[in-house]
Structure formats: structure tokens, C-alpha cells
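In my numbering, the protein residues as written are 17 to 180.
Here's what the structure looks like:
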């Protein structure tokens with residue numbers, strides 16, 4: 017009897033785990049190639065490893081099944097660690113990590129995308145249109161309800177422009 021219960025519990029756990037949707041996360045290089053074949057808007061999430069609000073967004077907002085569904089369907093999603101040390105080539109330009117002190121620095125691409133009035137804060141979420149132009153820069157923690165609202169408003173505005 018215990019064996020049957022254990023097997024049932026294991027089966028239920030595996031079924032639940034297999035139904036969990038994964039967020040499709042791309043690199044800038046991948047998006048550039050995919051974008052040529054299928055232009056879509058992008059959501060770029062700029063974070064650091066030490067930022068507690070960034071961690072909370074990764075664990076709460078970006079693991080919400082409705083957010084995952086919307087992002088996977090209508091956007092290319094990119095996560096960029098602002099302290100990434102490897103070069104990133106995007107739109108025929110190579111962006112590099114720039115040290116700002118001992119063990120500190122910022123990646124040029126993060127600085128370019130996330131700077132608002134020459135200041136950067138973490139996390140910053142950027143929405144870029146299908147022409148790869150910045151439509152929205154939002155810094156700070158965004159919960160899943162707010163992100164869904166922002167994204168759905170943007171999708172509706174695109175549809176409105178398409179039909180007019």
C-alpha cells in the first residue's frame with residue numbers, strides 16, 4: 017500500500033513539473049538572427065546578482081505562468097546581467113564591460129539600455145518595439161500583475177496601429 021501511494025505521489029509531482037512552462041530566454045545575438053526571420057518586440061530585463069529586487073522579479077514575476085505565456089508568444093525575452101564581463105555584439109556594434117573601480121563595473125549595453133537621465137538602477141525592464149527602438153524603460157521591481165498590464169497595453173496599442 018505504501019508503495020502505491022509513493023508511486024502515485026511521484027507521478028503527480030512529475031506531472032506537475034512537466035506542465036510547468038519555461039520562459040524562453042535569448043541572447044542578444046540570437047534575437048538579432050531570429051528577428052530577421054520573425055520581427056517581434058523585445059523585453060530586456062537588466063539586473064545584477066547582488067540586487068534583492070532583481071532576484072525577486074526573477075523568482076516571482078518571471079516565473080508566473082501568465083507572464084511566461086505572454087512573453088513566449090509575443091516577445092523575445094533577454095536577461096542581461098549589468099556586470100556581465102563578456103563582449104556582446106548587437107546591431108553591428110560590440111559592447112564591452114567597463115570597470116568603474118576595483119571589482120566593480122558596468123556593461124556598456126546595460127548602460128545604454130537602462131540609463132534614464134544618465135542614471136541607472138536595478139532592476140530595469142526595457143520594452144523595445146519590433147524596429148528595436150526603446151518604447152519603455154521601467155526601473156524598480158515590477159510584480160507580475162503590473163508587468164502583464166504593461167505588456168497587454170503595449171500589445172493592444174500595436175494591434176490598434178495595425179488595424180488603423
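Here a beta-carbon is modelled for each residue, glycine too, at the ideal position from N, C-alpha and C.
- request: Using three-state DSSP, classify residue 161 as helix, strand or coil.
  value: In this structure, residue 161 counts as helix in the three-state DSSP scheme.
- prompt: Can you tell me whether DSSP reads residue 173 as helix, strand or coil?
  reply: When DSSP states are grouped into helix, strand and coil, residue 173 belongs to the helix group.
query: Curious, which full-length beta strand (DSSP E) runs of at least 3 residues does the segment 96-147 contain?
result: Counting only runs of at least 3 residues, the segment 96-147 fully encloses the following beta strand (DSSP E) elements, listed from N- to C-terminal order: 104-106, 109-111, 113-117, 120-123, 140-144.
task: Give me the Cβ distance between residue 59 and residue 39, rounded to the nearest whole Å; I'm assuming they're in contact under 8 Å.
output: That belief does not hold up - the Cβ atoms of residue 59 and residue 39 are roughly 10 Å apart, past 8 Å.
message: Using DSSP's beta-bridge definition, name the partner residues of residue 93.
response: Residue 93 is bridged to 41, 59.
query: Would the segment 66-85 and the segment 117-133 be scored as touching if the rule is three or more Cβ pairs under 8 Å?
result: Segments in contact, no.
query: By Cβ distance, which residues of its chain are closer than 8 Å to residue 132, with the 5 residues on each side in sequence left out?
result: 140, 153, 155.
query: Would a C-beta distance cut-off of 8 Å place residue 111 and residue 124 closer than the cut-off?
result: Cβ atoms of residue 111 and residue 124: closer than 8 Å.
field: Straight-line gap, residue 99 to residue 115 (C-alpha atoms, nearest Å)
entry: Rounded to the nearest angstrom, the two C-alpha atoms are 9 Å apart.
message: Does residue 149 come out as helix, strand or coil in the three-state DSSP assignment?
response: In the structure shown, residue 149 falls within a coil segment according to DSSP collapsed to helix, strand and coil.
query: What did DSSP end up calling residue 155 once you bin it into helix, strand or coil?
result: Strand.
field: 8 Å contact criterion, which residue 37 and residue 94 should meet: CB distance rounded
entry: At roughly 18 Å, the Cβ-Cβ gap does not stay under 8 Å, so residue 37 and residue 94 are not in contact.
query: Rounded C-beta distance between residue 62 and residue 158? I'm assuming under 8 Å.
result: Not confirmed; about 12 Å, so no contact.
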